[in-house]
Amino acid sequence: MDIFTFGFQEVGEWSLDGQLKSGVRFHLKHLCDERVIYAYRVNDAVKYIGICDNTETTLKNRMERYQSRTGAGTNARIAGLIKECLEKGQKVKILAWKPETSPNFKGLQIDLVKGLENPLIHKIEPEWNIKK
259 MDIFTFGFQE VGEWSLDGQL KSGVRFHLKH LCDERVIYAY RVNDAVKYIG
309 ICDNTETTLK NRMERYQSRT GAGTNARIAG LIKECLEKGQ KVKILAWKPE
359 TSPNFKGLQI DLVKGLENPL IHKIEPEWNI KK
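Below, the structure written as structure tokens:
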């Protein structure tokens, strides 16, 4: 399944940086200040899908958590996997998709960013996402 068919676009990449606790640094070109669904792609394989968890979280905020390894254990785990790939000479690209519509159901606002995360993970089955 090609993730680009859903509307994802390449917005940045990761690089090694020995000065940082995580050992990795992100570089973003687009959608930095947007709330999105994001993915990490190594070679042609989508390895991880995640979201900007609340309405105030931007893509830049979310990438900073991986870079600094703050918050949940997931940030440190994924940063470690990114670093492993980079140390093997693989490129780790950052993809993102900002759903344009915000539908509602019987007057309730539907959060598409949260609502689309699990179906995308189920469809694409990224290796780094933990199965629940």
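Just so we're aligned: 292 in my numbering is position 34 of the sequence shown, and the numbers increase by one with no gaps anywhere.
Using N, Cα and C, we set each Cβ at its ideal position, and we do this for glycine too.
In this text the structure is predicted, and so the values were computed from the model without any measurement.
(message) Buried or exposed for G270, going by 16 or more other Cβ atoms inside 10 Å?
(response) buried
(message) Cutting at 7 Å between CB atoms, please list the residues of its own chain near T315, excluding the five before and the five after it.
(response) R293
(request) Using three-state DSSP, classify S393 as helix, strand or coil. (result) Only positions 259 to 390 of the chain appear in this structure, which leaves residue 393 out of reach.
(request) Measure the CB-CB distance between R299 and C310 and report whether it falls below 8 Å. (result) no
(message) If contact is defined by three or more beta carbon pairs under 8 Å, each pair taking one atom from either stretch, is the region 271-283 in contact with the region 366-374?
(response) no
(request) May I have the straight-line CA-CA distance separating Q348 from K372, to the nearest angstrom? (result) 29 Å
(message) Restricting to Cα atoms, I'd like to know which of D302, G276, L278, T313 is closest to K356.
(response) T313
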